[in-house]
Each structure stands twice: as structure tokens, then as C-alpha cells.
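Comments concern the structure below.
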Amino acid sequence: MSSNDEIGLLSGTFNDMAREIKERNARLEETAAERKRSEEEVKKLNEELERRVAARTAELEVANKELEAFSYSVAHDLRSPLRIIDGFSQALQEDLKETLDETALDHIRRVRSASGRMGLLIDDLLELARITRMEMRQARVDLSTMGRAIAGELKRSQPERDAEFVIEDGLAARGDVRLLRVALENLLGNAWKFTGRRKGALIEFKAAGEKDGRVVYCVKDNGAGFDMRYSDKLFGAFQRLHSTSEFQGTGIGLATVARIIRRHGGAVWAEGAVDAGAAFFFTLYPDS
Amino acid sequence: MKDKIILLVEDNPDDVALTLRAFKKNNILNEVVVARDGACALDYLFASGEYAGRDASVMPQVVLLDLKLTKVDGLEVLRRLRADKRTALLPVVILTSSKEERDVLDGYRLGTNSYIRKPVDFAQFSDAIRQLGVYWLVLNEAPPKHICPGISDR
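Protein sequence lines correspond, in order, to chains V and B. Note that our numbering numbers the first sequence so that position 232 is 232, with each residue one more than the last. Note that our numbering numbers the second sequence so that position 127 is 127, with each residue one more than the last.
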């Protein structure tokens, strides 16, 4: 091959290479530009997301503030006239004792009883509202010790009762200690109340398996129980399955428990039978 | 004991009536001065406005203070009377419907001596008034009337 041909071949090859390098560069630049476009898109999406989160948080704060103002109003403004109703009913009873017959006195008794009940309902509603808006602080919560403390308080409140608590050791969960205490007080308090007429009352608090990565806890009693046909009403606010003459209460306890457990991301449900006891289940993340 | 005055700061006339009734039922016969709003309460304490000319050296034994008042609200009344040398040590009992934590906290922060939530049930309210009477009018020692000017400077 002549030297000119060799140079021609080489320069052709170099040109090919140069062309290829140019094309590859162009493709690299395109890829880089594409990557940059994607990054910018991701950045924009993130900013949009943050904007939405901020908006939602602001909405939530407004809603919380409104709830607080509402509760405050309820606390003060609703209880005030109730006090007046009760006070002057009693005044009526006392000042006009001579002129009032048994029927009149009965009417007055009912007025006073109803205003007293309304006072209790208001207090319970306020408690529920307070629990709904309270900021949660996550920590390890020793449920066994908490359960035993509550059991002790209940037994001291009525030492004459023939009732026993069996609380499993080592129950611990992740959650807000104040809220979980309210929940456990309600559950154990209910068990205590609805075994009020049972001799040899037995109340158990234990772990009962797992569900969705959470531990299932159970508060079980051998008391009055409830009709399973109405079990879906149990956790509604002010829903009761027993009359006030059988067992006193406003019906907000279980609604409060449900609110608390749901705030912890868990679930609540119950099983029972009339006169054959009840078992209340709730799930929480374990913390051992 | 009879010359000890109770200053009742309460804007609701029905509440005033019930409180006075509770005093009477429990044989608390002391003079009760009723201030129907915050401004009126301050006028009484500082012998100004409608109470100008009152003998300002005569202070109530205890102030029963409702929180929700018209014109000047209860906490503001408390703030002002704690800020003034003449009334800084005056025993104050907040007597109100509210049990809201914020109110209890603010009350104590501003220097109330006691915080009582009025029960809905009148019998319970009457009993609370009875206990209030025994405690603040009989048991409790009021701050001395003649205070040396230097001592109450904080």
C-alpha cells in the first residue's frame, strides 16, 4: 500500500473516530440534559409536596384551634346555665316546701337529675375533645405496671368487692403514656363496673396474639357482657347497651378508647355475650 | 369576724343570686360587695370611679373572682391587682365554671391563691361555699393591714 493510501486510511479512521466521539458526546450531553430535567422535575414535585403538607398542617392547626375554642366555650358557657337551673330548682324546692305537693317535688327532682346528667355529659365530651387535640409523645409504655396501678385504685375504691385482677407481666407498647393510661382506665374501669353484680368477678389483661405487625391486647371480664348484635354501636359516642338504672355511665368511655387507639394507628373491637362477660381487644406497636 | 368583707366579682345576676343564697344558707353573714364587671371590681379596690371616696384602707378579706367578665376580664383584674402595692397581697379565690387547664395555669401564674371550679349541682356548690367561708374568713390569716412601704416593693 502506498504511504498516501495509508495516511488516507488513517485520516478516514480518525474522522470516523472523531465523528463517533462527537456522536457519543452529543448522546452524553443529551443524557445529562435529560437527567437535569428529571432532577428539576423531582425538585418541583418535592416543592409541590411540601407546599401541600404545609397547607394541610395549617388547616389542621386551624381545626385544632377551633376545637379548642369550642371546648372552652362548652366548658364555660354550657355549664353556667345548668348550674342556674339546678340551683333555682333546689331553691324552688326549699322556699316553697309548704305549697308543693309530691307531684311538684317529683317534677323538680327530675329537672335536677337531668341537669346533673347533662353536666356529666358535658364533662365527658370535653375530655374526648381534649384527648383528640392533645399532642402525642411517643415513648415506651409499661402496660403491665400501669394495669396493676389502675387495678389497685379500683380495688381501693370498693374494698368490699369480691373481685380479682390477673395482669400479664411484660406487656409494653410504644405510645403516649398519658393517652394510653386514659384508655386502660376506661377499659379496666368498665370491666370493674360491669362485673359489679358478679360474685367472684375476674378481670384479665393480657396479650392475645398479633395482627398486622402489632400486638393484640385484651381486657376480659366475666361480668354482664353485651348482645353481640349491637357490637357495632359499642364504640360510638354516647351509645349505651345498658340502661342507666342497670349501670351508670354516659357512654363516652369506649368512644374515648377508640379515639386513642386509632390515634396510635391501632384497631379496637369487642366480643361478648349477654350475662357471659366481654372481651375488648386493641392493637398497638410493641416495645419490649 | 363579721366586719370581714367579701368582694364577689361576678357578672351573671343569677350566679350572684345563687352565691348569696349559698352564703346565707351556710350562715355566712359577712358583708358581700358585688362587683358586676372587672372595671367595677378595680374601681372598688382602688377607690376610684363609682367608688371614689370609699375608705381605701378598708380592703376585703377575700376576693371571689369569676373569670369571664365583661369590660375587664377576670385574669386582667388579677393581673392589675397583683401589680399594685395596695392589693398585691390580697387573698384571691378564682371561682369559675371553667376547668380548662389554660385558665388554671394562667390563674396561678398571675398569682391567685386558690382556684375553685363551680359545681353544677347546687348542694355541692353550697358546700364549697361553706368550706370557702370557713377557710378564708376564719382559718386563714389575712396579710397585715398596715404594710411598711418598703416591704412590698418587689
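Ideal Cβ placement from N, Cα and C applies to all residues, glycine included.
Inter-residue CB distance, residue i and residue j (contact presumed, cutoff 8 Å)
i: Ile252(V); j: Leu125(V); result: 7 Å
i: Val120(B); j: Ser115(V); result: 7 Å
i: Leu154(V); j: Gly189(V); result: 7 Å
i: Lys68(B); j: Gly38(B); result: Not confirmed; about 10 Å, so no contact.
i: Asp227(V); j: Phe194(V); result: Not quite, the Cβ-Cβ distance comes to about 13 Å (not below 8 Å), so this is no contact.
i: Phe125(B); j: Gly87(V); result: 7 Å
i: Leu8(B); j: Thr19(B); result: 6 Å
i: Val219(V); j: Ala191(V); result: 6 Å
i: Leu65(B); j: Val77(B); result: 6 Å
i: Ala270(V); j: Ala278(V); result: 6 Å
i: Thr256(V); j: Val182(V); result: 7 Å
i: Pro286(V); j: Val215(V); result: 4 Å
i: Ala172(V); j: Arg140(V); result: 6 Å
i: Leu184(V); j: Gly147(V); result: 6 Å
i: Leu137(B); j: Gly107(B); result: With a Cβ gap of about 21 Å, Leu137(B) and Gly107(B) do not count as contacting.
i: Asp11(B); j: Arg36(B); result: 5 Å
Neighbour list for residue i in chain V, Cβ cutoff strictly below 9 Å
i: Lys68(B); result: His76, Asp77, Ser80
Environment of residue i [buried if 16+ CB atoms lie within 10 Å]
i: Val134(B); result: exposed
i: Ile94(B); result: buried
i: Tyr115(B); result: buried
i: Val62(V); result: exposed
i: Ala163(V); result: buried
i: Thr283(V); result: buried
i: Asp157(V); result: Correcting the residue type first, residue 157(V) is Ser in the shown sequence and not Asp. Burial call: exposed.
i: Gly186(V); result: In the sequence on display, residue 186(V) carries Asn and not Gly. When all chains shown are included, Asn186(V) counts as buried.
i: Pro144(B); result: exposed
i: Asp212(V); result: exposed
i: Leu9(V); result: exposed
i: Gly53(B); result: exposed
i: Leu60(V); result: exposed
i: Ala276(V); result: exposed
i: Lys118(B); result: buried
i: Gln131(B); result: exposed
i: Gly12(V); result: exposed
i: Ile84(V); result: buried
Under 8 Å by beta carbon: chain B residues contacting residue i
i: Ser115(V); result: Val120
Closer than 7 Å at the beta carbon, the chain B residues around residue i
i: Gly119(V); result: Val120
Contact list for residue i against chain B, beta-carbon separation under 9 Å
i: Tyr72(V); result: Ser98, Glu100, Arg102, Asp103
Contacts of residue i in chain V (Cβ-Cβ under 8 Å)
i: Phe125(B); result: Arg83, Gly87
i: Asn27(B); result: The contacting residues do not exist; Asn27(B) stays about 15 Å from chain V at best.
Proximal chain V residues relative to residue i, where beta-carbon distance stays under 7 Å
i: Arg21(B); result: Ala91
Are there three or more Cβ pairs, one per stretch, closer than 8 Å when the region 202-217 of chain V is compared with the region 160-167 of chain V?
yes
Could you name the residues of the region 75-96 of chain V whose beta carbon sits closer than 7 Å to any beta carbon of chain B, in the order they occur along the chain?
Ala75, His76, Arg79, Ser80, Leu82, Arg83, Ile84, Asp86, Gly87, Gln90, Ala91
Could you tell me whether the region 95-104 of chain V touches the region 229-237 of chain V, where touching means 3 or more Cβ pairs closer than 8 Å?
no
Does the pairing of the region 43-61 of chain B with the region 97-110 of chain B give three or more beta-carbon distances under 8 Å?
no
Check distances from the C-beta atoms of the region 4-17 of chain B to those of chain V and list, in chain order, the residues that come in under 9 Å.
Asn12, Asp14, Asp15, Ala17
Is there contact between the region 19-31 of chain B and the region 254-262 of chain V, where contact requires at least three CB pairs shorter than 8 Å?
no
The region 52-66 of chain V contacting the region 83-94 of chain B, beta-carbon criterion three pairs below 8 Å
Here the region 52-66 of chain V does not lie against the region 83-94 of chain B, with fewer than 3 beta-carbon pairs under 8 Å apart.
Is the region 68-80 of chain V in contact with the region 129-138 of chain V, if contact means three or more CB pairs nearer than 8 Å?
Yes, the region 68-80 of chain V touches the region 129-138 of chain V.
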